[in-house]
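Chemist:
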Amino acid sequence: MTTPQAPTPDELAALRQRYRLERERRVRPDGARQYQPTEAEFGYYAADPYAAGPTDREPLEDTVDVAVIGGGFGGILAGARLRQQGVERVRIVEIGGDFGGTWYWNRYPGVHCDIESHVYLPLLDETGYVPEWKYAPGDEIRRHAVRIAQRFNLYPDALFSTAVTSLTWEEASETWIVATDRGDAFRATYVVTATGTLSEPKLPGIPGIEDFKGHTFHTSRWDYAYTGGTPDGGMAGLSRKRVGVVGTGATGIQVIPALAEDAGHVYVFQRTPSTVDVRANRRTTAEDVGADHEGWAGERRENYLRIVSGETVEEDLVADQWTASAGLLEKLLPSFRRQGDRKTFEAAYETADAVKMNELRDRVEQSVTDSDTAEKLKPWYRYACKRPTFSDKYYPAFNRANVTLVDTADTHGIERITEHGVVVGDTTYEIDCLIFATGFSVGTSGIHSGKLPVHGRDGTQLLHAWARQGPRSLHGFTSNGFPNLIQMGPLQNASSVNYTHILDEQAVHAAALVAAAEAKDALVEPSREGEDAWLAVLAEDAPDHEWFHAECTPGYYNREGGGRPNGPTAYPHGAFAFHELLKRWREESIGEVLLRTRTPARSS
Ligand code: NDP
36 MTTPQAPTPD ELAALRQRYR LERERRVRPD GARQYQPTEA EFGYYAADPY AAGPTDREPL
96 EDTVDVAVIG GGFGGILAGA RLRQQGVERV RIVEIGGDFG GTWYWNRYPG VHCDIESHVY
156 LPLLDETGYV PEWKYAPGDE IRRHAVRIAQ RFNLYPDALF STAVTSLTWE EASETWIVAT
216 DRGDAFRATY VVTATGTLSE PKLPGIPGIE DFKGHTFHTS RWDYAYTGGT PDGGMAGLSR
276 KRVGVVGTGA TGIQVIPALA EDAGHVYVFQ RTPSTVDVRA NRRTTAEDVG ADHEGWAGER
336 RENYLRIVSG ETVEEDLVAD QWTASAGLLE KLLPSFRRQG DRKTFEAAYE TADAVKMNEL
396 RDRVEQSVTD SDTAEKLKPW YRYACKRPTF SDKYYPAFNR ANVTLVDTAD THGIERITEH
456 GVVVGDTTYE IDCLIFATGF SVGTSGIHSG KLPVHGRDGT QLLHAWARQG PRSLHGFTSN
516 GFPNLIQMGP LQNASSVNYT HILDEQAVHA AALVAAAEAK DALVEPSREG EDAWLAVLAE
576 DAPDHEWFHA ECTPGYYNRE GGGRPNGPTA YPHGAFAFHE LLKRWREESI GEVLLRTRTP
636 ARSS
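Just add 35 to wherever you are in the sequence shown, counting from 1, and you've got the working numbering.
Spelled out as structure tokens, the structure:
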């Protein structure tokens, strides 16, 4: 293997220029408004194709200890950690027909997790399960979610095919009233929200989308009744069909090779090519992953988190493309690694970035035989402007006679959809089935999207309060005026690519808050001063990613090419340091959020 050459200053200047042009080709004046939520007349794109249908049941008006909103990994982990704290009545409310969240919905052919399964699947130590593949298929992950729910006895109280429609704090009883679309109005002493970051599928707002007369669905609601087959392929229903796929993000990269195998013809409508790095999936043994002693999985995932958080470790246990590229992800990481002169840092970073991106562009050239197609598949932006993807099957799919790449960058995406086809430039592509791999409203769901109104003390609505003053919280979990409401998710805390690890630490914290409040017969609620102090911590060392994002092609990482977030959004020193901070705070300062104001009636 030859060592990649560092680019010369002239080559770097040319790359900068090319990246700028490619960004300009794609930035749209309507930014994030270009998308269409899967609501109202488009609501059928979000309907549940997997549940047998809501089962009849009487509305509930009872009282539980904790209502957990969401039955994905966040909610399941909250349930498990609450059980470990001895909490008895935990009711998880979930829109889907079973547990699993992302992995309940995303069953498209080829679905896998691109984070190593031995660090991604939570509670492996506790459940004794050892995944068989380095990168697990979606079904194995979904079954693991079910395993955890069974192991921690979360099924008996769970409500499926049920959407929470409002949360209302009742001062007199010091409980939350949880209302649902099934007529429930039950009470909960605590509410934990775990509504996910990728739960609301979105569509592009393409003119004419509603006119299409062929078959259509979103990848997160795969219609196997139409395609036939399973997530492993065998989609006989598509063998004579012309299938259009919109989107070439992490989902598109996994689904397109599977469609290429089975469909009559596949038209891939690409707007921005992803970076597609080596996958090298393989079977693993317990020995390979060091699963020979108690706590092996916890150690492995901590090792991984340290690496992708920019910490130094002696050994890289996972050793894959994520950990190998961790240095290049630094720009999305905290500022503490940005020591010394910023210009020097940026220059060194830019060179390393160009080497990696050249390697990825070379990979396209070596894999795709038609040079025009290869040219269109090359990503022209800095590493991780778009979420990195991994596949050994994606590029070879374009060497097949039944796969056509249609580049839509010059027209800012597909221009129009007609009754029977997709229009790009002067060409109408006649298709039978149109599949949207166009992703989700990232980071917004439930209480943050406004679909789930939360009324706290004095009837104050959470989003109204935040619209005036910006989001306010302590550690992202709790907010003044909203007692016993504990939020999980991406708000004012720290995140990482291995999101289930983040969720598990959040679940541990949520359960500890509940346990501490129970022990002291208190309410969980931070003071305004506590929130102010936390906001100051977030602001103090806030990393400035704008220099990087400002040059990126548009996408959800940079709010479709423009706009700054409303206030500091993340703990500046990264997920590993955040977890340490939470642990210390639980040991030393948890009393700060415990208000001893519970009514005598509740405490007796
Ligand atoms: P993304 O939002 O990442 O990608 C959407 C795709 O649709 C992009 O290629 C986008 O192009 C394209 N698109 C949008 N509008 C148009 C249009 N008008 N015309 C043409 N193309 C259009 O969605 P994904 O479902 O791929 O991923 C969603 C999330 O799920 C991501 O966070 C991803 O990381 C995660 N995921 C994780 C996996 C894992 O293994 N861990 C697997 C799959 C997904 P453009 O880039 O130009 O906007």
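A virtual CB, placed ideally from N, CA and C, is assigned to each residue, including glycine. All values reported here derive from a predicted model rather than from experimental measurement.
Could you tell me which residues DSSP pairs with Gly456 in its beta bridges?
Modeler: Glu465
Chemist: In angstroms, rounded to a whole number, what distance separates the CA positions of Asn188 and Glu450?
Modeler: 50 Å
Chemist: Classify Ser152 as helix, strand or coil using the three-state DSSP reduction.
Modeler: helix
Chemist: Where does Arg335 fall in DSSP's three states?
Modeler: helix
Chemist: If you run the structure through DSSP and keep just helix, strand and coil, what is Ser370?
Modeler: A caution first: Ser370 carries a pLDDT of 49, below 50, which makes its placement in the model unreliable, though a value can still be read off. Looking at Ser370 - three-state DSSP - the assignment turns out to be helix.
Chemist: Using the Cα positions of Val459 and Gly448, report the straight-line distance between them to the nearest angstrom.
Modeler: Distance between Val459 and Gly448, taken at the CA atoms: about 8 Å.
Chemist: May I have the straight-line CA-CA distance separating Glu564 from Ala113, to the nearest angstrom?
Modeler: 27 Å
Chemist: With burial defined as no fewer than 16 other Cβ atoms inside 10 Å of the residue's Cβ, what is the status of Tyr79: buried or exposed?
Modeler: exposed
Chemist: Here's the rule: buried if 16 or more other CB atoms are within 10 angstroms of the residue's CB, otherwise exposed. What is His179?
Modeler: So His179 ends up on the buried side.
Chemist: Leaving out five residues on either side along the sequence, give the residues of the same chain with a beta carbon under 6 Å from the beta carbon of Tyr302.
Modeler: Hits under 6 Å: Gly279, Thr439, Val441, Tyr464.
Chemist: Is the distance from the Cβ of Lys276 to the Cβ of Thr73 below 9 Å?
Modeler: The criterion of a C-beta distance shorter than 9 Å is not satisfied by Lys276 and Thr73.
Chemist: Are the segment 307-327 and the segment 423-432 in contact at 8 Å, needing three or more beta carbon pairs?
Modeler: yes
Chemist: To the nearest angstrom, how far is it from the Cα of Ala389 to the Cα of Leu47?
Modeler: Going by the C-alpha atoms only, they are around 7 Å apart.
Chemist: Reducing DSSP to helix, strand and coil, say where Gln541 ends up.
Modeler: In the structure shown, Gln541 falls within a helical segment according to DSSP collapsed to helix, strand and coil.
Chemist: Would you tell me roughly how many angstroms separate the C-alpha atoms of Thr634 and Val559, rounded to the nearest one?
Modeler: 14 Å
Chemist: How close, in whole Å, do the beta carbons of Leu117 and Val101 come, if the pair is a contact with beta carbons under 8 Å?
Modeler: Indeed, because the Cβ distance is near 6 Å, the residues count as touching under 8 Å.
Chemist: For Gly173, which option in Ser201, Thr137, Asp192 has the closest C-alpha, if you only look at C-alpha atoms?
Modeler: Thr137
Chemist: Taking only heavy atoms of the ligand NDP into account, decide whether any of them is closer than 8 Å to the Cβ of Ile241.
Modeler: Yes, the Cβ of Ile241 comes within 8 Å of a heavy atom of the ligand NDP.
Chemist: Using 8 Å as the cut-off, classify the Cβ of Ala490 as near or not near the heavy atoms of the ligand NDP, replying yes or no.
Modeler: The sequence shown places His at residue 490, not Ala. Outside the cutoff, so no.
Chemist: Once DSSP output is grouped into helix, strand and coil, what is the label at Asn593?
Modeler: helix
Chemist: Would you call Asp461 buried or exposed, if buried means 16 or more other Cβ atoms sit within 10 Å of its Cβ?
Modeler: Label assigned to Asp461: exposed.
Chemist: For the beta strand (DSSP E) that contains Phe611, what are its first and last residues?
Modeler: For Phe611, there is no enclosing beta strand (DSSP E); the residue is found in the alpha helix (DSSP H) stretching over 609-623.
Chemist: Closest to Ser201 by CA distance: which of Arg182, Gly240, Arg55, Ala223 is it?
Modeler: For Ser201, the closest of Arg182, Gly240, Arg55, Ala223 by C-alpha to C-alpha distance is Ala223.
Chemist: Can you list, in chain order, the residues of its chain whose CB lies under 8 Å from that of Arg55, leaving out five sequence neighbours each side?
Modeler: Glu586
Chemist: Under 8 Å: does the beta carbon of Asp65 sit that close to some heavy atom of the ligand NDP?
Modeler: At a cut-off of 8 Å, the beta-carbon of Asp65 does not count as near the ligand NDP: no heavy atom of the ligand is closer than that.
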